[in-house]
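Numbering follows the working numbering, with no gaps: position 101 of the sequence shown is 106.
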Amino acid sequence: MFDRRLLQNFDWLLLALVLIIAAMGIVNLYSAGFNRTPPGATPIYLKQIYWLGVGLIIVGLTVLYDYRHLQKLAYPLYILTVVLLLGVMFGGKMVSGSRRWLPLGPFSFQPAELAKIAIILVLARYFSRGLPSAPRGLKELLMPLGLVLLPVLLIVKQPDLGSGILVLLTAMSMILFVGVNWRTLVVSTFSLVLLSPVIWHFLKDYQRQRVLTFLNPEKDPLGAGYHIIQSKIAVGSGQFWGKGFLHGTQSQLQFLPEQHTDFVFSVFAEEWGFIGSVVLLLLFTGVTLWGLQVARDCKENFGHLLALGVVSLIFWQFFINLGMVTGLLPVVGIPLPFFSYGGSSLITTFLGVGFLLNIRMRRFLFGG
Numbered sequence: 006m007f008d009r010r011l012l013q014n015f016d017w018l019l020l021a022l023v024l025i026i027a028a029m030g031i032v033n034l035y036s037a038g039f040n041r042t043p044p045g046a047t048p049i050y051l052k053q054i055y056w057l058g059v060g061l062i063i064v065g066l067t068v069l070y071d072y073r074h075l076q077k078l079a080y081p082l083y084i085l086t087v088v089l090l091l092g093v094m095f096g097g098k099m100v101s102g103s104r105r106w107l108p109l110g111p112f113s114f115q116p117a118e119l120a121k122i123a124i125i126l127v128l129a130r131y132f133s134r135g136l137p138s139a140p141r142g143l144k145e146l147l148m149p150l151g152l153v154l155l156p157v158l159l160i161v162k163q164p165d166l167g168s169g170i171l172v173l174l175t176a177m178s179m180i181l182f183v184g185v186n187w188r189t190l191v192v193s194t195f196s197l198v199l200l201s202p203v204i205w206h207f208l209k210d211y212q213r214q215r216v217l218t219f220l221n222p223e224k225d226p227l228g229a230g231y232h233i234i235q236s237k238i239a240v241g242s243g244q245f246w247g248k249g250f251l252h253g254t255q256s257q258l259q260f261l262p263e264q265h266t267d268f269v270f271s272v273f274a275e276e277w278g279f280i281g282s283v284v285l286l287l288l289f290t291g292v293t294l295w296g297l298q299v300a301r302d303c304k305e306n307f308g309h310l311l312a313l314g315v316v317s318l319i320f321w322q323f324f325i326n327l328g329m330v331t332g333l334l335p336v337v338g339i340p341l342p343f344f345s346y347g348g349s350s351l352i353t354t355f356l357g358v359g360f361l362l363n364i365r366m367r368r369f370l371f372g373g
């Protein structure tokens, strides 16, 4: 039974920050899809409004029940995720050379999105059994590392390098928050350097090309380097105040590819300039810092780690996406949370927001 007194502790500020970002994203998607919708088709901004409504319903359902009950679902959800990822390998829908989607009637579902939540839950459950006073060594981390690497490898196999990297970074952030001794960090870093030639060997050709393009995009300006060059032109041409709503040349003249998903920030930066970009960055920073406050105020281990995992997921998404579109990081296909078009991604991030709101509401219960 839901205790209505908990509504007194509802975090309206966090929800407001997220909704402001999402509303800005919908306005931006209107511009990104302006005069490009085929006759009879639904514009992408209207689809995003629909998914936003679904996300808000999920938030509402998520806050109804005590988040501690999620501990019981952590391992079953993890197993289900692995099964779905295996199902994608054999029965997934092929889109643009990648098998990432499972058809569900008129919709398609991306199990890699579920993996992001499943990993956060399973690591929070695993580490919540008792946080040690001393940092953990390599032997103590073998089990959680195994839990992380299995879905990551299945995701990369699709291939979806971006989602695989995101799941790995989120998991590593949680592990670092738990505590790792310096010897383990040194050994892990050194091992990663030694394994880099092996990792390079197993990358797909297009993935290698993305790394090479990141190092020198001008080498193939009309081919592999086209995306990032056009993105940097769009971001830079916005200058201080921007060109104005619907007046971006790179986006409206369709020079900018994937402008409703991976490069949606480039559309925004061109039209709203440096000032608009700073405002958006401050909003994301506010969500991140407030999420960390939620984690800090929660004295119960599972909720504390769950909040840290959600914040890490949101942070790494917007950090990598902004790095991609400005040429500071290779293009790996990670959307901007709450902002890029996509139902699976939006629902995943709103589910995470629901967890944060749930934890915040119950922070005074039983020491939480």
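Where a beta carbon is used, it is the ideal one built from N, C-alpha and C, also for glycine.
Treat the numbers as computed from the prediction; the structure is a model and nothing was measured.
Of all the options the options, which has the alpha carbon lying nearest to the alpha carbon of residue i?
| i | options | result |
| --- | --- | --- |
| Leu334 | Ile25, Asp267, Phe360 | Asp267 |
| Ala312 | Gln298, Asn33, Gln214, Leu12 | Gln298 |
| Met383 | Phe112, Thr194, Trp277 | Here the chain comprises residues numbered 6 to 373, so residue 383 is not present and cannot be evaluated. |
| Ala239 | Met177, Glu145, Ala117, Gly332 | Gly332 |
| Gln214 | Leu11, Leu190, Tyr231 | Tyr231 |
| Val157 | Gly169, Lys144, Pro140 | Gly169 |
| Leu12 | Trp246, Tyr70, Ile84, Leu251 | Tyr70 |
| Ala37 | Ile49, Gly45, Pro44, Pro43 | Ile49 |
| Leu150 | Gln255, Phe114, Thr189, Asp165 | Thr189 |
| Gln163 | Ala229, Asn40, Arg105 | Arg105 |
| Ser256 | Leu24, Ile26, Tyr35 | Tyr35 |
| Leu251 | Arg368, Trp17, Gly58, Asn33 | Asn33 |
| Pro111 | Leu258, Met148, Phe279, Gly348 | Gly348 |
Using three-state DSSP, classify residue i as helix, strand or coil.
| i | result |
| --- | --- |
| Phe360 | helix |
| Trp295 | helix |
| Gly373 | Because the pLDDT at Gly373 is just 42, under 50, the model does not fix this residue reliably, and the value given afterwards should be weighed accordingly. Reduced to three states, the DSSP call for Gly373 is coil. |
| Trp106 | strand |
| Gln237 | Residue 237 is actually Lys in this sequence, not Gln. Helix, per DSSP. |
| Val68 | coil |
| Val100 | strand |
| Arg367 | coil |
| Val153 | helix |
| Phe273 | helix |
| Ser113 | strand |
| Val185 | strand |
| Arg141 | strand |
| Pro222 | helix |
| Tyr346 | coil |
| Ile5 | Residue 5 lies beyond the range of the chain shown here (6 to 373); nothing can be said about it. |
| Thr331 | coil |
| Ser133 | coil |
| Leu258 | coil |
| Asp210 | helix |
| Arg41 | coil |
| Gly243 | coil |
| Gly92 | helix |
| Glu305 | coil |
| Lys248 | coil |
| Phe268 | coil |
| Glu263 | coil |
| Ala229 | coil |
Taking 7 Å as the cut-off, decide whether the C-beta atoms of residue i and residue j are in contact.
| i | j | result |
| --- | --- | --- |
| Asn363 | Tyr72 | yes |
| Leu14 | Met366 | Residue 14 is actually Asn in this sequence, not Leu. The answer is yes: Cβ separation under 7 Å. |
| Leu341 | Val269 | yes |
| Gly167 | Ile339 | yes |
| Pro4 | Ile233 | Within the shown structure, residues of the chain are numbered from 6 to 373, placing residue 4 beyond reach of any answer. |
| Leu288 | Leu22 | yes |
| Val87 | Pro116 | no |
| Ala274 | Gly249 | no |
| Leu19 | Trp246 | no |
| Gln76 | Tyr346 | no |
| Asp355 | Gly60 | It should be pointed out that residue 355 corresponds to Phe in this sequence rather than to Asp. Cβ distance < 7 Å, so Phe355 and Gly60 count as in contact. |
| Val127 | Tyr83 | yes |
| Phe343 | Ile26 | yes |
| Arg41 | Ala79 | no |
Less than 8 Å between C-beta atoms, sequence neighbours within five positions excluded: which residues of the same chain meet that for residue i?
| i | result |
| --- | --- |
| Thr175 | Lys121, Ile124, Ile125, Gly314, Ser317, Leu318, Trp321 |
| Leu171 | Lys121, Leu318, Trp321, Gln322, Ile325, Ile339 |
| Met148 | Tyr131 |
| Ile280 | Phe245, Trp246, Gly247 |
Below 6 Å CB to CB, which residues in the same chain sit around residue i once its five sequence neighbours on both sides are set aside?
| i | result |
| --- | --- |
| Leu159 | Leu90 |
| Asn186 | Pro140, Gly142 |
| Ser236 | Phe268, Ser271, Val330 |
| Val183 | Phe132 |
| Thr218 | Ala229, Gly230 |
Considering only heavy atoms of the ligand GDP, does any lie closer than 6 Å to the CB of residue i?
| i | result |
| --- | --- |
| Leu107 | Absence of the ligand GDP from the depicted structure is noted, as is the absence of any ligand whatsoever, leaving it without description. |
Take residue i and list the residues in its own chain whose beta-carbon comes closer than 7 Å to its own, dropping the five residues that flank it on each side.
| i | result |
| --- | --- |
| Thr293 | Val316, Ile319, Phe320 |
| Pro108 | Lys98 |
| Asp302 | Arg368 |
Does any CB atom of chain B fall closer than 7 Å to the CB of residue i?
| i | result |
| --- | --- |
| Pro202 | No chain B appears in the structure shown, which is made up of a single protein chain. |
**Q.** Inter-stretch contact (C-beta, 8 Å, three-pair minimum) for the segment 315-329 and the segment 204-215
**A.** no
(Q) Contact between the segment 59-73 and the segment 279-287 is defined here as three or more beta-carbon pairs at a separation below 8 Å; is this criterion met? (A) no
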